[in-house]
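*Asks:* For the record, the sequence lines run as chains L and Y.
Number 235 in the numbering used here belongs to position 126 of the first sequence; there are no gaps in the numbering.
Number 467 in the numbering used here belongs to position 205 of the second sequence; there are no gaps in the numbering.
Beta carbons are placed, not taken as given, at the ideal position from N, Cα and C, and that holds for glycine.
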Amino acid sequence: MGEFARLNFYCDEHRCINCDGCSVACAEAHELPEYISRRKVITMNEGIENMEYSLSIACMHCTDAPCQQVCPVDCFYIRADGIVLHDKDKCIGCAYCLYACPFGAPQFPLDGAFGTKGVMDKCTMCAGGPEETNSHEERELYGQNRISEGKVPVCAAMCSTKALLVGDSAKISDIYRERILSKGHGAKTQPYGWDVAYGKKL
Amino acid sequence: MKKRYLALMLLLSTFLFGAKADSSIWGNNLLSNILEYDKEGSLHMGHYFTVIQSTYIQPMLLFVLIVIPLAFAAHYFIVGPKVFSHSGKSIMVFSLFKRINHALAAISFMVIIPTGIIMIFGDFFGGGAFVRFCKGAHAIASPLFMISVIPMLLTWMKRMIFSPKDDIRWLKIVGGYLSKEKKPIPAGMFNMGQKIYFWFVTLGGLVMIATSVILYLVDFELGIFTSMGLSQIDVLRISALTHNIIGIFIVAMFMVHIYMSVFAIKDAYKSMIDGTIPEEEVKILHSSYYKELQEKGEV
Chain L
110 MGEFARLNFY
120 CDEHRCINCD
130 GCSVACAEAH
140 ELPEYISRRK
150 VITMNEGIEN
160 MEYSLSIACM
170 HCTDAPCQQV
180 CPVDCFYIRA
190 DGIVLHDKDK
200 CIGCAYCLYA
210 CPFGAPQFPL
220 DGAFGTKGVM
230 DKCTMCAGGP
240 EETNSHEERE
250 LYGQNRISEG
260 KVPVCAAMCS
270 TKALLVGDSA
280 KISDIYRERI
290 LSKGHGAKTQ
300 PYGWDVAYGK
310 KL
Chain Y
263 MKKRYLALML
273 LLSTFLFGAK
283 ADSSIWGNNL
293 LSNILEYDKE
303 GSLHMGHYFT
313 VIQSTYIQPM
323 LLFVLIVIPL
333 AFAAHYFIVG
343 PKVFSHSGKS
353 IMVFSLFKRI
363 NHALAAISFM
373 VIIPTGIIMI
383 FGDFFGGGAF
393 VRFCKGAHAI
403 ASPLFMISVI
413 PMLLTWMKRM
423 IFSPKDDIRW
433 LKIVGGYLSK
443 EKKPIPAGMF
453 NMGQKIYFWF
463 VTLGGLVMIA
473 TSVILYLVDF
483 ELGIFTSMGL
493 SQIDVLRISA
503 LTHNIIGIFI
513 VAMFMVHIYM
523 SVFAIKDAYK
533 SMIDGTIPEE
543 EVKILHSSYY
553 KELQEKGEV
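Right, here's the structure in full:
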């Protein structure tokens, strides 16, 4: 990992077989409550021949994190390695991050009185939160902190076809390019480049 | 008969909640939202929401909170308040029902407005338990406004219709607030300023209520929006922006309302407690209404 590495997810659409292993692994590893699914598998262009492909999506840890921009209590922070995390003690559950996010990543437990929204929960790239690393509080609030132990996030580790890649974005695109080249010509690619949420000018 | 029944059912059906097992945000709709995002032809609501919410909302409110009190201070020290004696003869204007109704709305505003301001400046207050408490209070106080806004609209509507003769003249002299002179001012039971405030708070208030319910429920679907081709997430984005922008306008107007009733016209707020206004105040500030009362022989 270089000095200016930014960690990213990328799901190889040629390899994803829609097995849902990543989202099950995520929910199990972090002991997520009901209604919370930090990661899910979606199928694009369903039913259209040669266009159909599946992707595993969660928080994309965008470089321009729109959630961080709109948060009224500034509970988001971006680590030096690009992981977008948030502080659940600050969060007021207003859901503005959900409105800003193009991917529907922020999740809300509807468990308060009269169905009010609880504090937000989202993919942490298995890097926990602002609490002391690997403390009981961190585990309770944010789930496992695998990054601190030098492990790959659980979704990517469990991916049976190694479709879900995680790591330094430059390295990931190298791996992806290599895979496309080894397939030879004819491989259709639609790199979707979701490292920036709102790149284009309005 | 049958046709009418069908039409009614059709109308009602647009307000029904879509009975779906699937979530309307994180379910299948997520796909079309992702495919559409940043593409040409889409609404770009996510992008607009991000830009407007992150760059304009806080400065707009800050501007209101600084400029309006400064204007009041300038008015108070340069022009000064209008004082009418409350010890002389007074006219009964507001019935008990209207006063109770006004009190309900007033109590709810006293909670809703400060808590709303605290939420917009949530980062200043550091978030956490305090801002979360304000968010709860904001929601709990809103039913008080919901039950008082409709009777308020119905009981005062007739008096709040614009009458070009008085109201345009009132606007030209800014309600006579630029001088301390006690000259009869063209206004009926309510002057142009009160009318603008009334329509903003009642109609704007209804929009605030509608958007607040949408933002509170989050994950649902309404036939009326789906038929307009709006996805639920875009409905939420539009609602949040509308709620915040109209909210800032209401904060501004509420501040003017308080200043007028407490300071600019000394102790005018008392009319909403005992229902009476000093006769001299009616004669000067609501001259057309005074004439109307004279014609009826009530004064």
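At the level of alpha carbons, what is the spacing between Y:Leu479 and L:Cys184?
*Replies:* Spanning the two alpha carbons is a distance of roughly 23 Å.
*Asks:* DSSP three-state label for Y:Met534, please.
*Replies:* Note: Y:Met534 maps to helix in three-state DSSP.
*Asks:* Using a threshold of 7 Å, is the CB atom of Y:Lys351 nearer than that to any non-hydrogen atom of the ligand NAP?
*Replies:* Absent from the structure shown: the ligand NAP. Ligands present: none.
*Asks:* Name the chain Y residues whose beta carbon is nearer than 8 Å to that of L:Asp183?
*Replies:* Residues of chain Y passing the Cβ test: Gly384, Asp385 and Gly389.
*Asks:* Can you tell me which residues form a DSSP beta bridge with L:Cys120?
*Replies:* Paired residue(s): L:Leu273.
*Asks:* Output the boundary residues of the alpha helix (DSSP H) element that contains L:Tyr251.
*Replies:* It spans His245 to Tyr251 - the alpha helix (DSSP H) in which L:Tyr251 sits, taken as one unbroken run.
*Asks:* Measure from the alpha carbon of Y:Phe383 to the alpha carbon of each residue in Y:Tyr459, Y:Leu327 and Y:Ser533, then state which is nearest.
*Replies:* If we check each option's Cα against that of Y:Phe383, Y:Leu327 comes out closest.
*Asks:* Across which residues does DSSP place L:Thr225 in a beta bridge pair?
*Replies:* Per DSSP, none; premise fails for L:Thr225.
*Asks:* Between Y:Thr464 and Y:Ser501, how many whole angstroms is the CB-CB distance? I'm expecting something under 8 Å.
*Replies:* About 19 Å separates the two Cβ atoms, so there is no contact after all.
*Asks:* Go ahead and pull the three-state DSSP assignment for Y:Pro540.
*Replies:* Strand, per DSSP.
*Asks:* Could you have a look at Y:Thr312 and say whether DSSP puts it in helix, strand or coil?
*Replies:* Helix, per DSSP.
*Asks:* Grab the span of the beta strand (DSSP E) containing L:His195 for me, first residue to last.
*Replies:* Val193 to His195 is the extent of the beta strand (DSSP E) around L:His195.
*Asks:* Smallest Cα separation from Y:Ala333: which of Y:Val518, Y:His548 and Y:Val561?
*Replies:* Out of Y:Val518, Y:His548 and Y:Val561, Y:Val518 has the C-alpha closest to the C-alpha of Y:Ala333.
*Asks:* List the DSSP bridge partners of L:Leu164.
*Replies:* Its beta-bridge partners are L:Ile151.
*Asks:* To the nearest angstrom, how far is it from the Cα of L:Ile157 to the Cα of L:Pro218?
*Replies:* In a straight line, the C-alpha of L:Ile157 is about 35 Å away from that of L:Pro218.
*Asks:* How long is the line joining the alpha carbons of L:His245 and L:Gly252, rounded to whole angstroms?
*Replies:* Near 9 Å, if we compare the C-alpha coordinates of L:Gly252 and L:His245.
*Asks:* Need the endpoints of the beta strand (DSSP E) that Y:Ser352 sits in, please.
*Replies:* Where Y:Ser352 is concerned, the enclosing beta strand (DSSP E) stretches over Ser352 to Met354.
*Asks:* Return helix, strand or coil for Y:Tyr318, following the three-state DSSP convention.
*Replies:* Correct three-state label for Y:Tyr318: coil.
*Asks:* Where do the ends of the alpha helix (DSSP H) carrying Y:Ile471 lie?
*Replies:* Met454 to Leu479 is the extent of the alpha helix (DSSP H) around Y:Ile471.
*Asks:* Within the same chain, show all residues whose beta-carbon is closer than 8 Å to that of Y:Gln494, passing over the 5 residues directly before and after it, in chain order.
*Replies:* Ser286, Ile287, Asn291, Asp481, Phe482, Glu483 and Phe487, listed in sequence order.
*Asks:* Under 8 Å, do L:Ser146 and L:Ala134 count as touching if we go by C-beta distance?
*Replies:* No.
*Asks:* Since Y:His337 contacts Y:Ala526 with CB under 8 Å, what's their CB separation in whole angstroms?
*Replies:* Confirmed, Cβ separation roughly 7 Å.
*Asks:* To which residues does DSSP link Y:Asn506 through a beta bridge?
*Replies:* For Y:Asn506, which the question treats as bridged, DSSP gives no partner whatsoever.
*Asks:* Please state if the CB of Y:Gly389 and the CB of Y:Gly509 are separated by a distance shorter than 8 Å.
*Replies:* No, they are not a contact pair.
*Asks:* Based on Cα-Cα distance, which residue from Y:Ile512, Y:Asp536 and Y:Val341 lies nearest to Y:Val436?
*Replies:* For Y:Val436, the nearest C-alpha among the options comes from Y:Val341.
*Asks:* Near Y:Val539, what residues of its chain come up, given a Cβ to Cβ distance below 7 Å and the 5 sequence neighbours on each side ignored?
*Replies:* A quick correction: the sequence has Ile, not Val, at residue 539 of chain Y. Answer for Y:Ile539: Ser352, Ile353, Val355 and Ser533, listed in chain order.
*Asks:* Apply the 10 Å Cβ neighbour rule to Y:Gln556 and answer buried if 16 or more other Cβ atoms are within range, or exposed otherwise.
*Replies:* Classification of Y:Gln556: exposed, given that the 10 Å Cβ count is below 16.
*Asks:* Starting from the Cα of L:Met229, find the closest Cα among L:Ala266, L:Cys168 and L:Leu116 and give me that residue.
*Replies:* When each option's Cα is compared against that of L:Met229, the closest is L:Cys168.
*Asks:* Check the Cβ-Cβ distances between Y:Ile296 and every residue of chain L, and say whether any is below 8 Å.
*Replies:* It does; some Cβ of chain L falls within 8 Å.
*Asks:* Whose C-beta lies closer than 7 Å to the C-beta of Y:His505 among residues of the same chain, with five residues either side of it excluded?
*Replies:* Result list for Y:His505: Met470, Thr473, Ser474 and Leu477, in chain order.
*Asks:* Flag L:Ala204 as yes if its beta-carbon sits less than 8 Å from any beta-carbon of chain Y, otherwise no.
*Replies:* Chain Y contact via Cβ: present.
*Asks:* Under a three-way DSSP split, which group does Y:Leu268 fall into?
*Replies:* Residue state, collapsed to three classes: helix.
*Asks:* If you follow the alpha helix (DSSP H) that L:Ile256 is part of, which residue opens it and which one closes it?
*Replies:* Run containing L:Ile256: none; DSSP gives neither H nor E here.
*Asks:* Who are the near neighbours of Y:Gly467 in its chain, counting only those whose CB is closer than 7 Å to its CB and skipping five residues on each side?
*Replies:* Once the five neighbours on either side are set aside, the close Cβ partners of Y:Gly467 are Phe407 and Val411.
*Asks:* DSSP state of Y:Ala281, grouped into three classes?
*Replies:* Note that Y:Ala281 scores 43 on pLDDT, short of 50, meaning its location in the model is unreliable; the coordinates nonetheless yield the value given after this. Looking at Y:Ala281 - three-state DSSP - the assignment turns out to be coil, as it is neither helix nor strand.
*Asks:* Quick one: is Y:Lys282 near chain L, going by C-beta distance under 8 Å?
*Replies:* Note that Y:Lys282 scores a pLDDT of 48, beneath 50, so its modelled location is shaky; the value from the coordinates is reported in the next line. Answer no: the Cβ-Cβ gap between Y:Lys282 and chain L never drops below 8 Å.
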